[in-house]
Structure formats: C-alpha cells, structure tokens
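Numbering (numbering that gives the first Met the number 0) for the sequence shown: 0 to 258.
Just so you know, even glycine gets a beta-carbon here, dropped at the ideal spot from N, CA and C.
Take a look at the structure set out below.
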Amino acid sequence: MMSASTYDQTKPLLVLKGVKKAFGHHQVLKGFNLELYPNENVVILGKSGSGKSVLIKCLVRLIEMDEGHIEVLGRSMADVEQDELDAIRTDVGFLFQGSALYDSMTVRENLLFPLRRHPGRMRGRSEAELVREALGNVGLEKAADLMPDELSGGMKRRVALARTLILKPKIILYDEPTTGLDPITANEIIQLILKLQDELMTSSLIITHDMDCARVISNRVVILQDGINYAQGTYSELARSTDPKVKAFYKEVQNPIDG
Ligand SMILES: Nc1ncnc2c1ncn2[C@@H]1O[C@H](COP(=O)(O)OP(=O)(O)O)[C@@H](O)[C@H]1O
Ligand SMILES: [Mg+2]
C-alpha cells in the first residue's frame, strides 16, 4: 500500500473529473472538473445552494458521488479500503462550515480529539506541546481551558483552524471560512489562513461566496455554476469576463479589477 505521505509533489494533489451527484431528481453536480496543484490556493466560488458543500464532501467521501473520478494525493478515492481512506483523510484537513467544535469539551479537549484518533500523527511530541503550538499558531495561547460558549465567533473559527492543522495535513479544505463573521474578523481569519499556509506549506481548496475572501486568498478561482466548473481564472481575469453569470459575482464589488 502506497503511503499518501510519499506522494510526488509535482503532480496535482487533487483531481476531480466529471463528478456528478443528484439527490432524488435534483441534479446538483453535473460533471465537475478540477485540479489542485502543490502550493495553490484555489477558491471555488458559487452561489448559496449551488453544491459547494456537496462537492467537498464528495471529495473526502463523506458523501458518495454518483459518477466521476476523484484522486487525492495520487489515489483514486473509489478504490481505497477503509484504513487507507482514514490515512488519506488525515492528510486532508477539513474546516467545516461554521466551526463544529464539541460544545461539551474544553478547547484543549477539542484539539486533542483528532490527535487521539490518529496517535501516529504525534511526530514524537507530547500532547501538551502540540496543543500549545497549535494555539500559538492561531494566537490563542491562553484559551486552552475555555469552553466553546466562552469564545467569540472569531475565536471559535481560530480553534477550529488549530484543530484542523494539528495533524499537519497536506491539503486543507475550507468550507465558507468567513461566513457569519463581521468583516474585520473575517479579514483576520483570511490573513491567518494565508500566514499558516505559508508557514506549513499546505495547499487549499477554499469554498466561499465571499468576494473579499476570494480576492485576497486565491491564486485561482473556479466558478461552480449550473453544476459544473463554469469558468476559471485569476480573480482579476474573471473580473474582466463579459459572461453575465460570471459578472453577477462581481456586481457588488467596488473595484473589481484593481482589487
Ligand atoms: N443530504 C442531502 N439530501 C438532499 N439534498 C441535499 C443534501 N445535501 C445537499 N442537498 C442539496 O444540494 C444542494 C446543494 O447544497 P450545498 O452543497 O449544501 O450548497 P452550498 O453551495 O450552499 O454549499 C442544495 O439544494 C441542497 O438542498
Ligand atoms: Mg455550503
């Protein structure tokens, strides 16, 4: 069995080809294609209900697609057995929409949860050390003993980020990382994501409908529209598009091109 960690870094980390998914008669994904390369931040931009969350859940098989091909770190997701799927999932961090912290656990216990499920990921370090480092990464050194309901929305998002990063994933999937935050806090979270990606050399897929987030964080933007990868380019390339469906995303933006 090939370990995901020995994967060749010059190939795409993620490949999606012709991914289709329907719920009953509602065809949400109609043949979506995407590649994510090392050190890239790809933003998937889509309206609410367009299938963004469904897409990233298909990626890590939290939802089974109906048709298509998905490769994560060189492995076809359809072929892997459960133990290998678990290994791949530790290489792919997932920051869920909202923060999804365990409300009955302290911040420390929330951070220890993934570590205890994957003790092989401790890299010879102690739990205390890893928790301290993870909280330091997100600027919350003193929060270990707090309960989630004692945290602000922005702090919760930071803890969730720390919990995702503690296993040192190679790819991070962010589902609407700024939704529900005020603009200042949203910007702090975006800056933090950029800083951590730089330090930890991860690649990410960021799902959002927040144009500020897309502008600041993306190397490349893919528009999910009508169930397919409708358009792609850099944020400013897409800002110059004459396609009405692409233009619709930019209509609220003040200075779309020089942004
Ligand atoms: N488990 C499910 N069962 C039925 N319909 C679903 C399920 N999950 C998502 N959907 C539908 O798929 C569409 C896309 O949902 P989603 O991916 O959550 O949208 P978004 O782009 O806002 O993240 C929506 O119409 C939603 O109602
Ligand atoms: Mg969603």
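Residue range of the beta strand (DSSP E) that Thr178 falls in? Thr178 -> no beta strand (DSSP E), and no H or E assigned at all.
Would you be able to state if there are at least three C-beta pairs under 8 Å between the segment 229–244 and the segment 199–208? They do not touch, by the three-pair rule.
To the nearest angstrom, how far is the alpha carbon of Leu150 from that of Ala99? Going by C-alpha positions, Leu150 is about 13 Å away from Ala99.
Using DSSP's beta-bridge definition, name the partner residues of Arg74. Bridge partners of Arg74: Val71.
What residues does ligand 2 have around it, judged by CB closer than 7 Å to any heavy atom, in chain order? Contact residues of ligand 2 (beta-carbon closer than 7 Å to any heavy atom; chain order) are Lys51, Ser52, Gln96, Asp174, Glu175, Ile206.
Residue range of the alpha helix (DSSP H) that includes Phe248: Its alpha helix (DSSP H) spans residues 243–249.
Check each candidate in Glu108, Ile227, Cys57 and name the one with the smallest Cα separation from Asp144. Nearest option by C-alpha distance: Glu108.
Can you tell me whether Ile170 is helix, strand or coil according to DSSP? Ile170 falls in the strand class under three-state DSSP.
Rounded to whole angstroms, what is the Cα-Cα separation between Ala185 and Met154? Ala185 and Met154 have their alpha carbons spaced roughly 11 Å apart.
Quick one: residues in its chain with C-beta nearer than 8 Å to the C-beta of Ser2, no 5 flanking neighbours on either side, listed in chain order? Note on Ser2: pLDDT 45, under 50, position unreliable in the model; the coordinate value appears next. Contacts found: Ala86.
Assigned exposure category for Thr241 - 16 Cβ within 10 Å defines buried: Answer is exposed; the Cβ neighbour count stays below 16.
Beta strand (DSSP E) segments (min. 3 residues) lying fully within the segment 82–168: Counting only runs of 3 or more, we get 91–94.
Reference Gly23; option with closest CA among Gly45, Ile55, Met64: Scanning Gly45, Ile55, Met64 for the CA closest to the CA of Gly23 turns up Met64.
Limits of the beta strand (DSSP E) - the one that Tyr234 falls within: No beta strand (DSSP E) holds Tyr234; the alpha helix (DSSP H) holding it covers 234–238.
Any heavy atom of ligand 1 within a distance shorter than 7 Å of the CB on Phe22? Yes.
Which residues in the same chain as Ala142 place their Cβ atom closer than 8 Å to its Cβ, once the five residues preceding and following it in sequence are excluded? Correct list, in chain order: Val106, Leu134, Leu150, Met154, Val158.
Do you know how far the Cα of Leu35 is from the Cα of Leu13? Rounded to the nearest whole angstrom, the C-alpha separation of Leu13 and Leu35 is 5 Å.
Boundaries (first-last residue) of the beta strand (DSSP E) holding Leu61: According to the DSSP assignment, Leu61 belongs to no beta strand (DSSP E), since it is labelled neither H nor E.
Integer Cβ distance of Lys20 from Val27, believed to fall under 8 Å: So it is a contact: roughly 5 Å between Cβ atoms.
Inter-stretch contact (C-beta, 8 Å, three-pair minimum) for the segment 118–135 and the segment 47–56: Between the segment 118–135 and the segment 47–56, the count of C-beta pairs closer than 8 Å stays below three; the two stretches do not touch.
Touch test, the segment 60–76 against the segment 221–230, Cβ-Cβ under 8 Å, three pairs minimum: The answer is no - the segment 221–230 does not touch the segment 60–76, with fewer than three Cβ pairs under 8 Å.
Beta-carbon within less than 7 Å of Val91's beta-carbon, same chain only, minus the 5 sequence neighbours each way: which residues are those? Correct list, in chain order: Val59, Val71, Pro168, Ile170, Leu172.
Can we count Val27 as close to ligand 1, meaning its CB is less than 7 Å from some heavy atom? Result yes, Cβ under 7 Å from ligand 1.
Can you check whether the CB of Ile216 is closer than 8 Å to the CB of Val79? Taking 8 Å as the cut-off, the beta carbon of Val79 is found no closer than this to the beta carbon of Ile216.
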